[in-house]
């Protein structure tokens, strides 16, 4: 009878990942929702409101790219904690570092929305934006690689699944590096590229259940 | 003894809906609470503050309509996940798309509050607002229809219940379409209509337990 | 063996109170944290910053009163859901109405901070503020009374406990009414009174475990 | 068979710490994410955007110090509730007081970012900032000491662990006091010191599993 274990407990050794997830979810959700605060038409737009709304396309684009990127980071974070057996002290600190960058993203997003189309400033804003995205994406990979290295991953996770997640999280980094350089010459290309990377993370085109979505506990269960 | 299953696990196959719900709840809660930031009297209102407060009625109306709409969307989202057995990759992505629109709503709400009463701008603002509401409401229905189509719904959910939820989520779309067109001529009618649709979703007038509120697990349970 | 019930399920009949609580917690937490955004010194305060900081006392007072009030409302909400066996459709809607008022509170708080000390405007701001607090407090009591009336309360809750919570939630209403009238003549008295009511709810002076804190499941439990 | 207890219940006596944690997590997460709203370049920065971005270093520094401090407070709060068997009425109130200070932090952070480098104002801003940090840190220690004093700590927690956490939470107070005084003469030293204290709390340099991270339930558990 001693095998009847409290169901929540298996995840509680070392550090309760529940509260780590709750706090992280909170930061991701707030950062993604604060993005809208930076969209706004200027005061006296009354007469030509339709035009003002249309002219805000850089803000919509910035909103879209940042929403997709934070959404992708949340999905990645989700996949990582899904495989997690427990967290240790260093993992919790690395996670804080990731959240530091994620909750910083609204600032470069705002710069990017404000200065796109403005010649030299555009170049600076897009590069600054790209570096921030690269940082977030790097920290996500570091978090995952650390979890694997420190044996925090559930023992029943298949090696292929672990490698698959590593493969999914890696190419974005090279992509961001290339795009940051490209953005120095053609900022708009970089922006489209940033969106493409976020969508690459979000849309699982090869196999719906591969990549970010660990298909654990898929074994048939009897239900009443 | 192997039938003693961890109680949380039935919902965990495919994708943990728990964290999906937590993140969605966060975005809904933040979007609904940010609405108040756009209500404000202008600087020098000191002498006639009472009047300034009364003159803000468009802001209160916008706050009310958007609060009711996001609240209704949250209730609908709740009903959908309540019927969910598990989530798959596409569901999670569709959900992100819904959240993209929901967290965008404070912007059209602000426009609507700022430009109501301003002739031609009013028409633009109300139409833009209506399209945003239509989009949110469409994505909610798409999310639900996808869940049914992809067999993500709990097998023990009765077919009538599933159809009832589909029926509850559908009429709003036609309503929004009609109101968006009507709003081009009579913006105020559209606004009242938007509020009515939100209240239609929120207030379950026919049967308190029908509609958004699945009455599952109502079977009598012995308690200690 | 059929008595081994999933532990979370007892609270899940009718409507999952878990997600209702999560969403409500989110709105309470965001509303309470947004209050700080309205505290700020004006641009050119450099030379006399210390004085500017001191001169902001109305903002601190407003922050304190609203924080205490929202905190008290959260405690009250907590006590109510603590006694809840399940939620029904009307309860969820009444809860939304309460959240509508709670997330509105940052606006009257800002007015109050901006116009205190400004003669006639002060009177308007304090009265508007008081009416908002009264509304929040009334809805909290309505929510609780509805829960009792609709038999949503856990059957094992003692009648005295239910009456005690009703008694704790009621006097604030009369208090607010008196203070709103008093505030028309002496605004500062009203403000001190609002703070006193919030502290009355927060500080359980008679008996630490009475009032908002149902001492359920206090019976000794064997632990391993 | 009566030993099969609902797994969540052991934490539910007195007061459900689950909702206390959820609300606290929400406030911590929002306060930490709101910090970014105060970073911004002024309107006409177009021509010299790169320089404007670089010139914002006080904002980044303030963001970093406050993020680290709130992050450290969250870790400390986590460690405290991790050891908690239950909460009582006074604990919940003390916790509200801590949240009052934590959600106030974005204001001194903003002042600090705005006035650093501005001679006498700098001194005021840094001192005000330091006092706020001291207050937050004191309340965290008070919360923990109260929990120990009121026997809210889990009975199976080892005495050394309890003392270790007390030791971890204490030195920051003396540090803040010294730095506040030092900051009257050399503000920049104080700022570096504030960051150092936050990192001291965050980085567990002696022993990864000591300090903030209770290693409870580390006993080997059989898994299927």
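Chains as they are written, first to last, in my numbering: chain A, 1 to 224; chain B, 1001 to 1224; chain C, 2001 to 2224; chain D, 3001 to 3224.
Using N, Cα and C, we set each Cβ at its ideal position, and we do this for glycine too.
For residue 3162 of chain D, the CB contacts under 8 Å within the same chain, skipping 5 residues up- and downstream, are 3083, 3148, 3153 in chain order. Sixteen is the threshold: when 16 or more other Cβ atoms of the shown chains lie within 10 Å of the Cβ of residue 1113 of chain B, as they do, the residue is buried. Taken in chain order, the whole alpha helix (DSSP H) runs of length 4 or more contained in the segment 2132 to 2219 of chain C are 2159 to 2169, 2171 to 2185, 2187 to 2202. Taking 7 Å as the CB threshold, residue 2127 of chain C stays off the interface with chain D. Ranked by how close their Cα comes to the Cα of residue 1095 of chain B, the residues B/1111, B/1030, B/1078 have B/1078 in first place.
When secondary structure is reduced to three states using DSSP, residue 1097 of chain B falls in the helix class. Cα atoms of residue 3134 of chain D and residue 3020 of chain D: separation of roughly 23 Å, rounded to the nearest angstrom. Inter-residue distance for residue 86 of chain A and residue 2075 of chain C is about 32 Å (C-alpha atoms, whole angstroms). DSSP places residue 84 of chain A within a strand segment (E or B) once states are collapsed to three. Boundaries of the alpha helix (DSSP H) around residue 2023 of chain C: 2017 to 2034. Inclusion of residue 1031 of chain B and residue 1073 of chain B in the CB contact set at 7 Å is not warranted, their separation being larger than that value.
Residue contact check for residue 3103 of chain D against chain C: a CB pair falls below 7 Å. Using a 10 angstroms sphere on the CB of residue 3108 of chain D, the tally of other CB atoms reaches 16 or more, which defines it as buried. At a cut-off of 7 Å between beta carbons, residue 158 of chain A makes no contact with chain D.
Against chain C, the beta carbon of residue 3023 of chain D has neighbours under 7 Å at 2025, 2028, 2029, 2074, listed in chain order. The beta-carbon separation of residue 3069 of chain D and residue 3198 of chain D, rounded to 4 Å, stays under the 8 Å limit for a contact. No Cβ-Cβ contact shorter than 7 Å links residue 3124 of chain D with residue 2061 of chain C. A distance below 8 Å between beta-carbons, with the five flanking residues on each side excluded, links residue 2173 of chain C to the following residues of its chain, in chain order: 2134, 2137, 2138, 2141. Neighbourhood of residue 2063 of chain C in chain B, by CB distance below 9 Å: empty, with the nearest CB roughly 15 Å away.
Selection C/2067, C/2121, C/2023 evaluated against residue 2093 of chain C yields C/2023 as nearest (Cα-Cα).
Here the alpha carbon of residue 3145 of chain D sits roughly 10 Å from the alpha carbon of residue 3169 of chain D. Within its own chain, the residues whose Cβ lies closer than 6 Å to the Cβ of residue 2187 of chain C, once the five positions on either side in sequence are excluded, are 2122, 2123, 2126, listed in chain order.
For residue 1052 of chain B, the uninterrupted alpha helix (DSSP H) run begins and ends at 1049 to 1055, by DSSP.
Not one beta carbon of chain D lies nearer than 7 Å to the beta carbon of residue 2162 of chain C.
Inclusion of residue 2180 of chain C and residue 2130 of chain C in the CB contact set at 7 Å is warranted, their separation being smaller than that value. DSSP places residue 1107 of chain B in the uninterrupted alpha helix (DSSP H) bounded by 1106 to 1115. For residue 71 of chain A, the chain B residues whose C-beta falls within less than 7 Å of its own C-beta are 1096, listed in chain order.
Listed along chain B are 1036, 1039, 1040, each with a C-beta nearer than 8 Å to that of residue 2107 of chain C.
Under the three-state reduction of DSSP, residue 59 of chain A is assigned to helix. Residue 2081 of chain C and residue 3033 of chain D have their C-alpha atoms some 28 Å from each other. Ranked by Cα distance from residue 3119 of chain D, the first of C/2025, C/2047, C/2028, C/2200 is C/2047.
Spatial neighbours of residue 2104 of chain C in its own chain (CB-CB distance under 8 Å, excluding positions within 5 residues in sequence) are listed in chain order as 2132.
With contacts defined by Cβ atoms closer than 7 Å, residue 1071 of chain B and residue 29 of chain A do not form a contacting pair. Residue 3158 of chain D counts as exposed, since fewer than 16 other C-beta atoms from the protein chains shown sit within 10 angstroms of its C-beta. Close to residue 3169 of chain D, with beta-carbon spacing below 9 Å, lies no residue of chain A; the smallest spacing is near 16 Å.
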